[in-house]
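Notes follow the structure.
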Amino acid sequence: MTGATFFWIALFAYLLGMVLHVFEATRRGRSGRRTAAKEAFGPLGKAAAAAMVVGFMSQTAALLVRGIYAGRIPITTFFGYLSVLSWLVVLAYLIVLYKYRWTTLGAFVAPVAFVVIVIASLFPMRLEEQLIPALQSYWLQIHVSVALLGEAAFAVGFAVGVLYLVKDFKPESVPQGAWARSAVCLLGSLILGALLGRLLFGAPLEGPEMGAGMRFISALGAGAVIALPLAAVSHPWIVKRAKGTGLGPFVFGVAVSAMLVGGVAIGIMNTQMGFVPSGDGKVSVFVGAMMLVSVPVFLLLTKAFLLLRDKIPRAELLDEVGYKSVAVGWPLFTVGALIAGAIWAHQAWGVYWSWDPKEVGSLVVWLVYAVYLHSRAKWGMKASWCAITAVLGFCAAMLTLVGNLVLGGLHAYG
Amino acid sequence: MERAGKGNRVAAQGYWKVPTPWRLLNSMSFVIGLLVALVIVSAAGVIVPQGAPDAAYLQKYGDVVGRLILLFGADHLFRVWWYVALWGVVVASLVVCSLNRLPFISRTVFGRPLLAGPADFKTYELNASIRLPMPGPEAMSQAKRLLKRRRFKWFQRDGRSEGLEAALAHKGSLERLGPFITHLSIALVLVGGMLASLAGSRHHQPAYPGQSFEVPDLSYKESAGFHLGRILGRTSERELIHEEMSFMDWRGLPDIPEKEVSFSLRVDDFEIERTADGMIADYKTTATVLDPDSVLTRVIEVNEPLVYEGYHFYQSSYGYASRALDSVHLLVTDKEGQPVGGHLNVPFDTPVPVPETQLTVVVSDFIADFVYDIETRTATSRSDEHRNPAVLIEVYRRGEKQFEQWLMMRGMGAHSSKDEGYDFRIAGYEPVMYTVLEVRKHPMINVIWAGFAATVVGICLSFYVTQRRIWVGVLERGPRESEVFLAASSRKDKETFRRYFENLLREMKGVAK
């Protein structure tokens, strides 16, 4: 068997693991108030964990084959990088599973690992024979692999953050009408954003051969710059009677998860069907389509998360695992992405910091987690704001990871 | 108890009434707001392309948004004064917070607070009391033995208060220094970075193998005024590079102003290494430092700059000379079309006899992008690119010039003369490559490295060391009976520490048996 076969086995094992985990977590009946720390594995949970272990071992074999063939850690292409990232996310999941015997987390981490490995599979698997001169340095291994370890820990923090927001949500105390107002607010922001996007950014964002539908999607994407902050600001104000019920943070958590899934869906559609036109407006079309796909995913996820609520362990455990993932990830990210990156840049480019899009993106990720750490010190774990920053931090890390595909810059290696 | 830093107390008193700058900079809410602002602004700088011409923003973002971008300088965001100022506020806040917390931190790191009476022990979440059938001093020494075995440091007061013999076992106190070191070292990196951007300088230096150049005096670029102009003005980095690159002429060497320089650099060789299948493996410039005191030869590669006397020489770029060649491969045929003398390798500007004939050929000129003006009868180059390469060959017989003619790579060959009918064609040529070295000085680089090292130390202390304290108090309850009070606190991993404390209690109770 070749490395690619092992890779595909891993991909489908993660898919199976994800489906089983979600089934196990959302199953009605035996929900109860089990303490998660000693939660016994049900047969479904065992099967899900077994699928993840099989996938992990298969991917380990794939990475070993690739690494031995290349003679280095295979992280120099997008395929390699994302593949190792998904492997590390599963490793982190297995560690948490072993330590806390907590299968519900799998329903959140397995999708992250699956999404990452699917994105990896969209990139060419070819292994370059010869690294370009700029990458021929031992700093490559240090810079990239340490940053990767940090991002894998952030992925767990993301999953725990979403769990916290779901746990914190009390649907029984949401007053009548708040749901409807929330929905109107989200939809209204989307429509208003699209209109303003069209008005402000106008025609230059549209390619010459776009049909009316594509133009609408493009305007929606351009309007996301306006719609997202608009929704973020207006939502708490509009549903203010639902204060303390956690509705706002819950909606945020579901929306972010939905957009992540939407982004992957559009990515797959694009590689298979060439959905997004190249040239002018490709970014706005991508974002617009992603937002459209997010709407049905949002509804599905809301339903799934509500089924899941009772099985999520107590907030203290969530906080502990969430904090630990940041406490492991943030120092690694600081050392790997920022410090090792600066030292290498000094050596290769003659400048340790050049405000390159990827550098600034990493700085933004670093700052978001700095906000997390300070907020936790100030308001303690009870603040859902901490969970929100943990979720945002991982999203920023993922955007930074793939951002140079669109934005270019010094890090544009492909 | 330990959470009550001075900053928190200030916040609790409601600083909004008197928001003096010091109090504001010290407030955690303000810091969080500042970080959020930096996140938003920096992310905007990633999304909006930097350094494009003004018209590009108006075209891409429309009139309204485009004008806003230009107004706020978001087209060169990372150099605009208010963005730099935002980081300045971060530095001020880092310093103020650190200074404000210094007395508190030194107390918690070096202080050895003891608990005065049994009631104090109850104020801790983790506390317990055990009766042991042994005299007080023995109970205390048993506790000391147990905790020392767990690598705790032991501090015990002489004498008693309220009949209580008190001690403190502690470890990992350096944790409390972690945030302090991290904050100050980040401030150091930021200040170092800002000063370096005011004092740093760079220069792109093209050179052909065999040429040497005096290392340019970069001091005019090191003046604060020059760089402040960049921050306050609108000169972008790209324009500067462009300005530096633009004065490369065909021989590539710019006029270097006469200034006092300490040494020169000679480029000995430049080569592009390729793999068997033609992919570029490396760019290598061999260079020699010519200093009255020493001679040093090094190979400069992409990841391996040459460092000498504070100057760094980086492999930056390369190019092909547009008016010179290394050699030309000539193919000479006779009038029957039979090759004469095989492939002839003719070095630039050097006479080479053509075997089996009495002819001598010289390649005396080269044009990269050949164009011939019929009116003025002159040959010129349209560009520096090798788009239409042509060489001027001169053919001699017994020292007498027969003719000269431009031969184009992609054109027809030339006949040497009608009666003998030798035909000359270019089969290929070896261009002359020049290397472009980037010369840089990094005046504050050691400050930055020191800041990074301190940041790593600070982060390790903050995240991977935990301050744990266990207070022990012993009261005599009879001639052979004593009561041991225990209280414990840990900064992190409270769940784990609870189990740790329970184990300790179990072991203490075991001592009695």
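Same order as they appear, the protein sequences are chains A and B. Reading the first sequence from the start, the letters are residues 779 to 1192 in this note's numbering. Reading the second sequence from the start, the letters are residues 1306 to 1818 in this note's numbering. C-beta atoms are modelled at their ideal positions from N, C-alpha and C, and glycine is treated no differently.
In the structure shown, ALA1512(B) falls within a strand segment according to DSSP collapsed to helix, strand and coil.
Under the three-state reduction of DSSP output, PHE1426(B) falls in the helix class. Using a Cβ-Cβ cut-off of 8 Å, SER1347(B) is close to VAL1138, LEU1141, VAL1142 and LEU1145 of chain A, given in chain order. The alpha-carbon of TRP1754(B) is positioned some 34 Å away from that of ILE873(A).
Counting only residues of its own chain and dropping the five nearest sequence neighbours on each side, ALA1448(B) has a CB closer than 6 Å to the CB of VAL1777. Around the CB of TRP1015(A), fewer than 16 other CB atoms lie within 10 Å, so the residue is classed as exposed.
Shown here, GLY1646(B) sits in a strand according to DSSP, grouped into three states. Around the CB of TYR1677(B), fewer than 16 other CB atoms lie within 10 Å, so the residue is classed as exposed.
In chain order, TYR1366, GLY1367, VAL1369 and VAL1370 make up the part of chain B whose C-beta sits under 8 Å from the C-beta of LEU978(A). Counting the other Cβ atoms within 10 Å of the Cβ of ILE1117(A) gives 16 or more, which makes it buried.
Legend: CB atoms of the region 1108-1129 of chain A lying less than 9 Å from CB atoms of chain B belong to residues TRP1108, PRO1109, THR1112, VAL1113, LEU1116, ILE1117, ALA1120, ILE1121, TRP1122, HIS1124, GLN1125, ALA1126, TRP1127, GLY1128 and VAL1129. For a Cβ distance threshold of 8 Å, residue set PRO911 and GLN914 of chain A lies close to ASP1587(B), ordered along the chain. Counting along the chain, the unbroken beta strand (DSSP E) around VAL1667(B) starts and ends at 1664-1672. Residue pairing of ARG1745(B) in beta bridges, as defined by DSSP: ARG1507(B) and HIS1617(B).
Chain-order list of chain B residues neighbouring SER1162(A): empty, with the shortest C-beta distance near 15 Å, by a criterion of under 8 Å.
According to the DSSP assignment, ARG1154(A) belongs to no beta strand (DSSP E) but to the alpha helix (DSSP H) extending over 1135-1157. Distance from the Cα of SER1688(B) is smallest, within the candidate group VAL1494(B), GLU1578(B), SER1627(B) and GLY1367(B), for SER1627(B). Taking a beta-carbon distance threshold of 8 Å, ILE1731(B) does not count as an interface residue toward chain A.
In the DSSP assignment, MET796(A) falls within the alpha helix (DSSP H) that extends over 781-804. DSSP, read as helix, strand or coil, puts PRO1652(B) in strand. Look at MET835(A) here: in three-state DSSP terms it is helix. Residue contact check for TYR1429(B) against chain A: no CB pair falls below 8 Å.
For VAL1353(B), the three-state secondary structure derived from DSSP is coil.
By the beta-carbon neighbour count (other beta carbons within 10 angstroms, threshold 16), VAL1389(B) is exposed. DSSP places ALA1629(B) in the strand class (E or B) of the three-state scheme. Taking 7 Å as the upper bound on Cβ-Cβ separation, chain A lies near residues GLU1800 of the region 1790-1816 of chain B. For ILE1753(B), the residues of chain A that pass the 8 Å Cβ criterion are ALA1120 and TYR1130, in the order they occur in the chain. Using a CB distance cut-off of 8 Å, VAL1344(B) counts as an interface residue toward chain A.
According to DSSP, PHE1575(B) shares a beta bridge with THR1590(B).
Leaving aside the five residues that flank LEU1363(B) on each side, the residues in its chain whose CB is nearer than 6 Å to its CB run, in chain order, GLY1371. Going by beta carbons, GLU1781(B) and GLY1468(B) fall inside the 8 Å limit. Exclusion of the five residues before and after ILE1004(A) leaves GLY971, LEU974 and GLY975 as the residues of its chain whose Cβ lies within less than 7 Å of its Cβ.
At least one C-beta of chain B is nearer than 8 Å to the C-beta of ALA1105(A). With respect to the C-alpha of PRO1408(B), the residue from LEU1329(B), LEU1482(B), VAL1737(B) and LEU1664(B) having the closest C-alpha is LEU1482(B). Under DSSP, TRP1459(B) forms a beta bridge with ALA1474(B). Three or more Cβ pairs drawn from the region 1349-1358 of chain B and the region 1134-1154 of chain A lie within less than 8 Å of each other, which places the two stretches in contact.
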